[in-house]
Amino acid sequence: MTKKEKIQLKFMNINMFIEDIIEYINELISENEKLKNEISKLKQEFQKKTNEK
Numbered sequence: 119m120t121k122k123e124k125i126q127l128k129f130m131n132i133n134m135f136i137e138d139i140i141e142y143i144n145e146l147i148s149e150n151e152k153l154k155n156e157i158s159k160l161k162q163e164f165q166k167k168t169n170e171k
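If you're matching positions, the sequence shown starts at 119 in the working numbering and goes up one per residue.
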C-alpha cells in the first residue's frame with residue numbers, strides 16, 4: 119500500500135467518523151425537539167389546572 123493510499127484510507131475513516139457524529143447530532147436534535155414539545159404540552163396542562171383553581 120502506497121503512502122497516498124494510506125492517506126486516502128485515513129481520510130475515508132475520518133469521513134465515516136464525521137458522518138457518524140453528524141447522525142448522532144441529528145438524533146440529539148430530534149430528541150430535543152420532542153422534549154421541547156412535551157414540555158410545552160405540560161406547561162399548557164399546568165396553566166389550565168392553575169386557571170381552574
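Don't be surprised by glycine CBs; every beta carbon is placed ideally from N, CA and C.
Only a predicted model underlies this, so the values are computations on that prediction, with no experimental measurement involved.
From Asn131 to Lys124, what distance separates their C-alpha atoms? Using only the alpha carbons, I get a separation of about 11 Å.
Would you report the Cα separation of Gln162 and Asn133, rounded to the nearest angstrom? Going from the Cα of Gln162 to the Cα of Asn133 covers about 43 Å.
CA-CA distance, Asn144 and Glu156? Straight across, the Cα-Cα distance linking Asn144 with Glu156 is about 18 Å.
Hey, how far is the Cα of Ile135 from the Cα of Lys128? Reading off the sequence shown, one finds Phe at residue 135, where the question assumed Ile. Spanning the two alpha carbons is a distance of roughly 11 Å.
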